[in-house]
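S.K.: So the first sequence is numbered by numbering that gives the first Met the number 0: it starts at 0 and just counts up by one.
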Amino acid sequence: MKLSRSLSQTSKTVAHDADSVNAKLLTQAGFIKKEAAGVYSYLPFGKRVLARIEQIIREEMNAIGSEEILMPALTPLENWQKTGRADVDIAFRPTEKTVLGWSHEEIVTPLAKTRIKSYRDLPLAVYQIQTKFRNEPRAKSGLLRGREFLMKDLYSFHANRKDLEQFYAAVTEAYFRVFERCGLKSFLVSAGGGEFTENISHEFQVLTEAGEDKLKICKKCELGWNAELEIAKCEKCGGELTEEKGSEIGNIFDLGTKYSDAFDLNFTNENGESEMVLMGCYGIGVSRLVATIAEIHHDDSGLIWPESVAPFQVHLISLGEDQAAEKIYRELSKKTEVLFDDRDISAGIKFADADLIGCPIRIVVSKKTLEKKGVERKKRDSEKTAIVPTDKILQS
RNA sequence: CGGGGUGUGGCGCAGUUGGCUAGCGCGCGUGGUUUGGGACCACGAGGCCGGAGGUUCGAGUCCUCUCACCCCGACCA
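1) Measuring only the C-alpha atoms, how far is F195 from R379?
2) Mind checking whether G45 and I55 have CB atoms under 8 Å apart?
3) Nearest-angstrom Cα distance between A124 and K151?
4) Could you have a look at L153 and say whether DSSP puts it in helix, strand or coil?
5) Counting C-beta neighbours from all protein chains within 10 Å, is the total for K219 16 or more, i.e. buried, or is it exposed?
6) Determine the direct distance from the alpha carbon of D120 to that of R114, and round the result to whole angstroms.
7) Can you tell me where the beta strand (DSSP E) with F91 in it begins and where it stops?
8) For V387, which residues does DSSP report across the bridge?
9) Contact between the segment 268 to 280 and the segment 8 to 28: three or more CB pairs below 8 Å?
10) For T267, tell me which candidate among A226, N159, S307 and C181 has the shortest Cα-Cα distance.
11) Is R429 helix, strand or coil when you go by DSSP?
12) Give the secondary structure of E274 by DSSP, where H, G and I count as helix, E and B as strand, and everything else as coil.
13) Determine the burial state of Q27: buried for a count of at least 16 other Cβ atoms within 10 Å of its Cβ, exposed for fewer.
14) Quick one: residues in its chain with C-beta nearer than 8 Å to the C-beta of A14, no 5 flanking neighbours on either side, listed in chain order?
15) Hey, which unbroken runs of the beta strand (DSSP E) at 3 residues or more fall wholly within the segment 79 to 148?
16) Which first and last residues belong to the alpha helix (DSSP H) in which K213 is found?
17) Which residues does DSSP pair with H396 in a beta bridge?
18) From Q80, I362, R144 and A169, pick the residue whose C-alpha is nearest to that of E211; which is it?
19) Give a yes or no on contact between the segment 99 to 108 and the segment 73 to 82, applying the rule of three or more CB pairs nearer than 8 Å.
20) Would you report the Cα separation of I251 and G29, rounded to the nearest angstrom?
21) Where does I199 sit, in a helix, a strand or coil, going by DSSP?
22) Around the C-beta of G141, are 16 or more other C-beta atoms found within 10 angstroms, so that it is buried, or is it exposed?
23) Taking C-alpha atoms, which residue in E382, R329, C358 and D341 lies nearest to T389?
24) Taking Cβ to Cβ, would you say V313 is nearer than 8 Å to L302?
25) Just the C-alpha distance for S7 and D340, rounded to the nearest angstrom, thanks.
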């Protein structure tokens, strides 16, 4: 993409209401635009990052045998009346008879009922990546707590507890892989079940001062407990816990039969008897992941995207050598995603913007580099520069 | 939802005890000079001062209401 033609543009100043590092950097670098409290547009750069994170999630969710679906955001009130969740404060109610989905147990459970009749139909697992609506009394921290946000929600259905626990464990492993691939070190944290279940749930937390959850972490076991649980020592090794703040990027719940009961989701077992289906649900805050990555991976000059989620692999800068740069841009674009800064402005601005946007590799084409029969290559996370031939740009 | 704060060109801000054509920086446009870490000169465009009502000869400025946004807390998949 040519920067001169992109909707995404950088800004030297940032709106005074950008309230957090992720909001400031993502706004200034042209990834997002705030529309209202907790409501953002994703500009081209931001949409690219979202798409890459979504792809990682899809790969890992498909790998554990779940299928992608898409349920409506506009949902019937009567479904929520059956579970007693129709009048929670965070629910948007666009009309008398509708609720904007803030979670989808009320939709997916009746949906699964159309498929599940016998133990032969279990297990079943479906997920979606969709915008959720929650009327947060206080939206804040950029993309970390919005009133409208992108979420991956997965729901699983099982004939017995052992099968549910097995899948729960498989999702746990898959989540660690997702977050690691996104460049984040996550901790498995025990927490309460909130509106969803009376059982304990597990959160995936990234330790950062930007997060709003108070945690107690055992660094040795890499386990944690949400401070709401009032735990004094590590339940595994009995060791000391450190107090940390975290950003909750994933949450998994053992739902038991709470929603199966509400919608009479049962199945016929091997003995011809009727039993209730056991359910699990598993969420990843996709937009919150974008924010968390920004909070973790940045420096004073701007964002530093991990290769796996970067909007572009290469940020190509032309310093007065537009023709040569254009040729390199065309060739390189056949192999990877390239952002070409073709603007007619000073070198300093181009360098500053490359740092701000934070693509992994910066390539400079100038008179100096052409005399040396190559281009200058610099990684965003390093100070070292090197002249490399144009066909070696992508080799590390 | 309680307490506090802020709303003035796209962004950041200044506007005195009410006073006359509402300023500054950045950005934007045109012309020119520059050209490896946010260059410079000249000219120029752009604002119902969040909204409604009121006080006054006169309101960005004072009063009332309202909306939006931010902070602290409560809340929180």
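Idealized CB from N, CA, C, for every residue including glycine.
M.R.: Based on what the coordinates show:
1) Along the first sequence, one-based indexing puts residue 195 at 196. Along the first sequence, one-based indexing puts residue 379 at 380. For F195 and R379, the distance between alpha carbons rounds to 42 Å.
2) For the purposes of this step, residue 45 is taken as residue 46 along the first sequence, with counting starting at 1. For the purposes of this step, residue 55 is taken as residue 56 along the first sequence, with counting starting at 1. No.
3) Counting from one through the first sequence, the residue named residue 124 turns up at place 125. Counting from one through the first sequence, the residue named residue 151 turns up at place 152. Cα to Cα, A124 sits roughly 13 Å from K151.
4) Here residue 153 refers to the residue found at position 154 when the first sequence is read from its first residue. The answer is strand: DSSP assigns L153 an E or B state.
5) Along the first sequence, one-based indexing puts residue 219 at 220. Per the 10 Å Cβ criterion, exposed.
6) Position 115 of the first sequence holds residue 114. Position 121 of the first sequence holds residue 120. For the pair R114 and D120, the Cα-to-Cα distance works out to about 7 Å.
7) Mapped onto the first sequence, residue 91 falls at position 92. Per DSSP, F91 lies in no beta strand (DSSP E) and is assigned neither H nor E.
8) Counted from its first residue, the first sequence places residue 387 at position 388. The partner list for V387 (beta bridge, DSSP) reads V374.
9) Put simply, the segment 268 to 280 does not touch the segment 8 to 28. Fewer than three CB pairs are less than 8 Å apart.
10) Looking up residue 267 in the first sequence gives position 268. Minimum Cα distance to T267 is reached at N159.
11) The requested residue 429 does not occur in the structure, where the chain is confined to residues 0 to 395.
12) Against the first sequence, residue 274 aligns to sequence position 275. In the structure shown, E274 sits in a strand (DSSP, three-state: E or B).
13) Your numbering for residue 27 matches position 28 in the first sequence. In summary, Q27 is buried, with 16 or more beta-carbon neighbours lying within 10 Å of its beta-carbon over all protein chains present.
14) Taking the first sequence and counting its residues from 1, the one referred to as residue 14 is at position 15. Here the set comprises T26 and K33.
15) List check, beta strand (DSSP E) in window: 97 to 99 and 123 to 132.
16) Walking along the first sequence from the start, residue 213 turns up at place 214. First-last for K213: D212 to C217, but that is the beta strand (DSSP E), not the alpha helix (DSSP H).
17) Absent from the model: residue 396. The displayed extent of the chain is 0 to 395, so no value can be given.
18) Walking along the first sequence from the start, residue 211 turns up at place 212. Of the candidates Q80, I362, R144 and A169, the one whose C-alpha sits nearest the C-alpha of E211 is R144.
19) The segment 99 to 108, when compared against the segment 73 to 82, does touch it at the 8 Å Cβ threshold.
20) To locate residue 251, count along the first sequence from 1; it is residue 252. To locate residue 29, count along the first sequence from 1; it is residue 30. Note on geometry: alpha-carbon atoms of I251 and G29 lie some 32 Å from one another.
21) Taking the first sequence and counting its residues from 1, the one referred to as residue 199 is at position 200. If DSSP states are grouped into helix, strand and coil, I199 belongs with coil.
22) For this step, residue 141 is matched to residue 142 along the first sequence. G141 counts as buried, since no fewer than 16 other beta carbons sit within 10 angstroms of its beta carbon.
23) The residue you call residue 389 lines up with position 390 of the first sequence. Ranking the options by Cα distance to T389, first place goes to R329.
24) Counting from 1 along the first sequence, the entry for residue 313 is found at position 314. Counting from 1 along the first sequence, the entry for residue 302 is found at position 303. No, they are not a contact pair.
25) Mapped onto the first sequence, residue 7 falls at position 8. Mapped onto the first sequence, residue 340 falls at position 341. Whole-angstrom Cα-Cα distance: 12 Å.
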